[in-house]
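Heads up: the structure comes next, in structure tokens.
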DNA sequence: GATGAATGAGCCTTCATTCAT
DNA sequence: AATGAATGAAGGCTCATTCAT
């Protein structure tokens, strides 16, 4: 039985997840995300990953494919756990505040803008990458919030005619004046206080519009 | 006569605004804004401008400088005339609707995303360009709207505690769900109806929060 | 018994003729002869042979050596059985016709040109290979035919002063206008009729010159 | 009038025949013809031509194109003036002897085999090049000789049923045993005497078959 | 001032070969 | 013996930049 179990062992590093592969992806992310697709060179990536240039091509057939793998991985990492709601939590104000602050922090945090810039830049030539990024990122967040709003509509805690648009507008309002200066790369990361202030206004506006009188 | 001829030419090589210079800038804008900084080649730019590659370097010392000049010029063209308000117009709802629709159309219009992608991409390496773009574009719009809101506060038509943030959040709300899919390059330009619908919600939300009871 | 077993296996790892070695040679021939020395890659050869790249180097120390082995083997396969003569057959016309047609078919047949091109190409850099190919191929044919002509001289059926040159000229005449267009890779394989026509003229010319009056 | 004449002057070096272009072609021929297409590197060609690698690509868009230009030029140089016949010269034996010796010398001369090997090698991948080479070389020679034979048929000096095949077979016979060892790159260039001997046999055979009794 | 020929550094990619397992 | 992961030296080609005319 033990022997059998051993035989079953699922060929742990099937190439899809070997150490070298991860090593390459890590090096490539660093370089791609800080330089952009064009300015990143395979040589630099190889050096950053600590492998030879040839090895890069053992794992990825081209620069494009390597880049695609990076972005796909980056997508999964977006806002993990941020858009998780407790349906039974009817304190909408608190929920929105928590979400808004988390979201603004996530967006403006150090290192968040580079990947975003890189993806936006490449979207011109590789639309599928732009689409994948949007759908696994912003869109999923909006949909999740909208679903929560639906439950609160049903619970009578809110009265939102179009929950999806309300959700999107709320998310956008939470980063107004905060994120664009970071994205355009000339402003320091806003501090907690400032973020809380802006999110507070967003929440108040939202509730003024959608809280049942 | 020869002397006179010489005297007539007013500032012969004004460099800053010669026809050739404009010609180059025009050609360069087309190429830069549609391909991005890295993918654009000086050769292609020269061809688009109808001059020789050497001439490019007579007017601009490097590709970077030429690109900077393009973006600086592009900034000036942003949303011209969109953020012009009639202070005496107290029909805030109408004003916001007009502005919101104009803004969303402007953002999502064909050809608008490429330059934006290009600027965002280069902001990583050239922060001053990102700054210049933001300040002459989004920021100016926000400031202009905030100023109008100030006047309406004063006139008693509104009650907005922080007009700058309110302005920014309103602008952002007008493009929610509309612009990002275009920026990420996978969705068609939204139609007028859809835009009006989203803007309508933004306006209602704004007024619900800020119209004096 | 054990001893016997050991004694039985005649030259266990004869290296020179192991199954793996033959396997590699077979795969390599396909690739080398259809792509040429430079265009053939060791990777492709490994795949064609169904072994790993590393194994190639277990049997052959370099690409050059492997190629050499292929060509040496290819030499042996040249025109097997074509240049076999019945010394007692005094119907020279029939013998030459049979030989000429067989030779022209052999030269022009599908797949014959690629190896030839490959050998000619490599002769520049590896003269020994060119020499081996010529001597085991064309030269052997010429010598064999010359020997037959000698016997017919002796039998009084022919009167050929220089049988070796006569043999070579006859062989060449049999493929005139037929083979070069195939070798230069722009003409289809000539049909049987055309071949028979050209060979017929070669035979008539030969007999006109060398048949005793 | 003089001025006008000057203006008309046809822009002498239209790029098609500039000194640099010739310089590149010369360098490229040396390298291509001695190494073959694949083994020749653009870097080595640049060095041989005394220009930079970039300059190569100013004049030729790719390695293939450059190679094609070399071969096209090489075609023109084939057997210039060898296949010129005096129709009124009825001394066929002398004509054929002169032609045969010239042809064999031309084929076997130092430096002649390399281009041939190179063209044969590349014919696998670039059939048009093989075709162009054959048609401007061997074929033209055959056609020219056939035309001469036609005139001598008409003049009653010969009786050749198929002049084209007779021409081709004669040409081939002139190099039998001589050229292949050179092509396969292991034999020294045959001396004049040996050539004359082989050609002499070819001529005798031809006349035995085709001289009217 | 304007040109365009020329450059050379650098890019992505391939491939013969090696070596630990 | 056999593997296949890893390497590093090229290779073809592009392009920002320079400079003689």
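Chains as they are written, first to last, in the working numbering: chain A, 1 to 213; chain B, 1001 to 1213; chain C, 2001 to 2213; chain D, 3001 to 3213. We put the CB at the ideal spot given by N, CA and C, even for glycine. Every value quoted in this text rests on a predicted model; they were computed, and no experiment measured them.
Buried versus exposed, by CB contacts within 10 Å (16 or more), residue i
i               : result
residue 2084(C) : exposed
residue 1043(B) : exposed
residue 2011(C) : A caution first: residue 2011(C) carries a pLDDT of 40, below 50, which makes its placement in the model too unreliable to give a value.
residue 3180(D) : buried
residue 87(A)   : exposed
residue 3003(D) : With a pLDDT of only 39 at residue 3003(D), under the threshold of 50, the placement of this residue in the model should not be trusted; the figure read from the coordinates follows. Under this definition residue 3003(D) is an exposed residue.
residue 193(A)  : exposed
residue 109(A)  : exposed
residue 1100(B) : buried
residue 212(A)  : exposed
residue 72(A)   : exposed
residue 1167(B) : buried
residue 27(A)   : buried
residue 58(A)   : exposed
residue 3014(D) : With a pLDDT of only 39 at residue 3014(D), under 50, the local geometry of the prediction cannot be trusted, and no value is derived from it.
residue 1199(B) : buried
residue 3017(D) : exposed
residue 1019(B) : exposed
residue 3104(D) : buried
residue 3093(D) : exposed
Integer Cβ distance of residue i from residue j, believed to fall under 8 Å
i               : j               : result
residue 1069(B) : residue 1025(B) : 6 Å
residue 120(A)  : residue 1120(B) : 5 Å
residue 3041(D) : residue 2124(C) : 15 Å between Cβ atoms; not a contact.
residue 3162(D) : residue 2201(C) : 6 Å
First through last residue of the alpha helix (DSSP H) which encompasses residue i
i               : result
residue 1093(B) : 1092 to 1108
residue 192(A)  : 192 to 210
residue 3114(D) : 3113 to 3123
residue 3060(D) : Careful: residue 3060(D) lies outside any alpha helix (DSSP H) and carries neither H nor E.
residue 3130(D) : 3127 to 3134
residue 2034(C) : 2019 to 2035
residue 181(A)  : 179 to 183
residue 3164(D) : 3163 to 3175
residue 3087(D) : Careful: residue 3087(D) lies outside any alpha helix (DSSP H) and carries neither H nor E.
Minimum C-alpha distance to residue i - residue among the options
i               : options                               : result
residue 143(A)  : 164(A), 124(A) and 127(A)             : 164(A)
residue 1178(B) : 194(A), 175(A), 139(A) and 195(A)     : 139(A)
residue 3135(D) : 2182(C), 2106(C), 2119(C) and 2101(C) : 2182(C)
residue 3131(D) : 2170(C), 2108(C), 2175(C) and 2188(C) : 2188(C)
residue 3191(D) : 3125(D), 3102(D), 3035(D) and 3147(D) : 3102(D)
residue 3204(D) : 3174(D), 3186(D), 3185(D) and 3194(D) : 3174(D)
residue 37(A)   : 116(A), 52(A) and 57(A)               : 116(A)
residue 3221(D) : 3172(D), 3031(D) and 3077(D)          : Only positions 3001 to 3213 of chain D appear in this structure, which leaves residue 3221(D) out of reach.
residue 3170(D) : 3072(D), 3146(D) and 3154(D)          : 3146(D)
residue 1197(B) : 1128(B), 1110(B) and 1098(B)          : 1098(B)
residue 2176(C) : 3193(D), 3186(D) and 3141(D)          : 3141(D)
residue 1021(B) : 1056(B), 1150(B) and 1159(B)          : 1056(B)
residue 3047(D) : 3031(D), 3168(D), 3062(D) and 3067(D) : 3031(D)
residue 1269(B) : 118(A), 93(A) and 186(A)              : No answer is possible for residue 1269(B): the residues shown for chain B start at 1001 and end at 1213.
residue 2081(C) : 2137(C), 2091(C), 2065(C) and 2058(C) : 2137(C)
residue 1152(B) : 1061(B), 1118(B), 1112(B) and 1095(B) : 1095(B)
residue 3090(D) : 3149(D), 3184(D) and 3167(D)          : 3149(D)
residue 3220(D) : 3054(D), 3210(D), 3018(D) and 3107(D) : In the structure as shown, chain D begins at 3001 and stops at 3213. Residue 3220(D) is therefore absent and cannot be evaluated.
residue 3066(D) : 3079(D), 3033(D), 3154(D) and 3093(D) : 3033(D)
residue 49(A)   : 154(A), 29(A) and 206(A)              : 29(A)
residue 64(A)   : 206(A), 79(A), 118(A) and 113(A)      : 118(A)
residue 2111(C) : 2074(C), 2052(C) and 2154(C)          : 2074(C)
residue 3159(D) : 3051(D), 3053(D) and 3208(D)          : 3208(D)
residue 195(A)  : 206(A), 45(A), 154(A) and 106(A)      : 106(A)
residue 51(A)   : 23(A), 35(A), 184(A) and 61(A)        : 23(A)
Residue i beta carbon near the ligand HEM (any heavy atom closer than 8 Å)
i               : result
residue 1059(B) : Although the ligand HEM was asked about, the structure shown includes no ligands whatsoever.
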